[in-house]
Amino acid sequence: MENNNMLLQDEFGRKHDYLRISITEHCNLRCTYCMPEDGISLTPKSHLMNADEIVSIAQTFVNLGVTKIRLTGGEPLVRKDAKDVILRLGKLGVNLTITTNGILVANFIETFKEAGIKTVNISIDSLVKDKFNKITRREYFDIVQKNIDLLLEEKFNVKLNVVLIKSFNNNEIIDFILLTKSKNIQVRFIEFMPFSGNQWDKSKLVSYAEIIETVQSEYKLSQIERLQDSPNDTAKNFKINSHLGSFAIISSVTNPFCSTCNRIRLTADGKLKNCLFSNSETSLLEVLRAGESILPLIEQNLLSKKAVRAGMDDDLKFQNPELFSQNRTMIAIGG
Numbered sequence: 000m001e002n003n004n005m006l007l008q009d010e011f012g013r014k015h016d017y018l019r020i021s022i023t024e025h026c027n028l029r030c031t032y033c034m035p036e037d038g039i040s041l042t043p044k045s046h047l048m049n050a051d052e053i054v055s056i057a058q059t060f061v062n063l064g065v066t067k068i069r070l071t072g073g074e075p076l077v078r079k080d081a082k083d084v085i086l087r088l089g090k091l092g093v094n095l096t097i098t099t100n101g102i103l104v105a106n107f108i109e110t111f112k113e114a115g116i117k118t119v120n121i122s123i124d125s126l127v128k129d130k131f132n133k134i135t136r137r138e139y140f141d142i143v144q145k146n147i148d149l150l151l152e153e154k155f156n157v158k159l160n161v162v163l164i165k166s167f168n169n170n171e172i173i174d175f176i177l178l179t180k181s182k183n184i185q186v187r188f189i190e191f192m193p194f195s196g197n198q199w200d201k202s203k204l205v206s207y208a209e210i211i212e213t214v215q216s217e218y219k220l221s222q223i224e225r226l227q228d229s230p231n232d233t234a235k236n237f238k239i240n241s242h243l244g245s246f247a248i249i250s251s252v253t254n255p256f257c258s259t260c261n262r263i264r265l266t267a268d269g270k271l272k273n274c275l276f277s278n279s280e281t282s283l284l285e286v287l288r289a290g291e292s293i294l295p296l297i298e299q300n301l302l303s304k305k306a307v308r309a310g311m312d313d314d315l316k317f318q319n320p321e322l323f324s325q326n327r328t329m330i331a332i333g334g
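Here the sequence shown is numbered in numbering that gives the first Met the number 0, starting from 0 and rising by one per residue.
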C-alpha cells in the first residue's frame, strides 16, 4: 500500500481533502427534489454511525490530509446529539462547515461559535412564501427568514443554496440577486440534478447559460464582475459591482467540474461515496465495528473513482434513468 498521505489521491491525480459527512437521514422538510413524496425507508438506527464512530472516521480522514469537513443530512440539526457531534468535530483542527435548512439554527448559534464554524449554508429555493411551502411541503418560511438574518447579525458567512427548477423558481433569479445588494450573503444557484425519486428530466433544468442570460437581461455587462474562484471550487462566482454580497452558479449538469474534484462523501450509515452521482459505495462502518483498519477500503474506493460523474460522461448517459435511478435519493446521500 502507498504512503498514507497518498491514500486520498485517485488515479487521475486528484487529491481529496474535503469530506462531507451526513449525520442523519431524517429531515423536518420534504423538499420535492430531495425526497420522494411518500418519504424513504429509513435505515435502522443500529446501522447508522453513532457519535464516536463519526468522530473516529473523521479523525482518520484528517490524519490522511482532509482539511475541510461539511456536515449535512437529511437535516443535520434534527439529530438528537448534533451539538455533541459538532463540538467534537470542531476539535479536529479542520475548516468545519454545515449545510442546513435553517429551521433550528437559533438553537445552535453558540454551538457553531464554540466549534469554530464560520460559514453556514442555508438551503432555500424560493423567496415567495407560498412557493416555499409548496416545494418543502411544510410551513417554515418565516422562521427560516428570521434565522438567516440572525446568522448575519452574529457575523457568520451565509450562503443560500437555491436549486433552480424551470417554471417553478427560475423567475426569482433576479430577486435572489437583489438580496445581495444590502446583505453580505452569497446566493448559489444550483442546476437541478437527477437522483432516485426526484422526478428529474432535462426539461426542468435551468442551465448555467440561461442563468447568465437572465442576469445580463437585468444588469449591464459592466456591472457584472467575474470573481476569482477558489481552488477546487464547484461554483463560478460573480458580483454586481454595487452590491454588498455576491452570487455563484454550480453547473453540475451542463458544465461539470470533475477535473478538479476534491470531495468525498460519508453517508449516515457509514458508507463512502467517491462521487455524488455514483451508485457504488464502500462500507467503512462495518469494517470499523469489526475492529479492522478502514485504510485499505478508503484507498480502493478512491482508486475506483471515474473521471467524470461516476462514468456518466455524456449527455445521453446522464439523462438515462436506468443509470441515475440506481443511486440513492438525495436525502439518503447527504446534501
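Ideal placement from N, C-alpha and C gives every residue a C-beta, glycine not left out.
Q. How big is the Cα-Cα spacing for ALA234 and ASN261?
A. 13 Å
Q: Would you mind giving the Cβ-Cβ distance between ARG187 and ASN160, rounded to the nearest angstrom? I have them listed as a contact below 8 Å.
A: 5 Å
(Q) Quick check on PHE246: does DSSP put it in helix, strand or coil? (A) strand
Q) Near LYS50, what residues of its chain come up, given a Cβ to Cβ distance below 6 Å and the 5 sequence neighbours on each side ignored? A) Reading off the sequence shown, one finds Ala at residue 50, where the question assumed Lys. Closer than 6 Å at Cβ, skipping near neighbours: ASP80, ASP83 and VAL84.
Q. Helix, strand or coil: which one does DSSP assign to GLU282?
A. Glu is not the amino acid found at residue 282; the sequence shown has Ser there. Strand.
Q: Grab the span of the beta strand (DSSP E) containing ALA234 for me, first residue to last.
A: 234 to 239
**Q.** Per-residue DSSP class, three states only, for GLU209
**A.** helix
Q.
Just to confirm before moving on: does the CB-CB distance between LEU18 and VAL65 stay below 8 Å?
A. yes
Q) Can you name the start and end residues of the alpha helix (DSSP H) that ARG87 belongs to? A) 81 to 88
Q) How should HIS46 be labelled, buried or exposed, when 16 other C-beta atoms within 10 angstroms of its C-beta is the threshold for buried? A) exposed
Q.
So, with DSSP's three-state summary, where would you put ILE121?
A. strand
Q.
Rounding to the nearest angstrom, what Cα-Cα distance links ARG87 and GLN8 in this structure?
A. 26 Å
Q: Assign PHE367 to one of two classes, buried (16 or more other C-beta atoms within 10 Å of its C-beta) or exposed (fewer than that).
A: With the chain covering only 0 through 334, there is no way to say anything about residue 367.
Q) Would LYS304 pass as a contact of ASN273 if the rule is Cβ separation under 8 Å? A) yes
Q: Give the secondary structure of GLN8 by DSSP, where H, G and I count as helix, E and B as strand, and everything else as coil.
A: strand
(Q) On the CB-based measure, 16 or more other CB atoms within 10 Å of its CB, does MET0 come out buried or exposed? (A) The predicted model places MET0 with a pLDDT of 39, which falls under 50 and marks its position as unreliable, so this point remains unresolved.
(Q) Quick check: the Cα distance between GLY290 and GLU52, rounded to an integer number of angstroms? (A) 12 Å
Q. Closest to GLN222 by CA distance: which of ILE176, SER229 and LEU265 is it?
A. ILE176
(Q) Within a Cβ cutoff of 6 Å, which residues of the same chain sit near GLU153, ignoring the five residues on either side of it in sequence? (A) ILE108
Q) According to the neighbour-count rule (16 or more other Cβ atoms, all chains shown, within 10 Å of its Cβ), is GLU298 buried or exposed? A) buried
Q. How many Å lie between ILE20 and GLY73 at the Cα?
A. 11 Å
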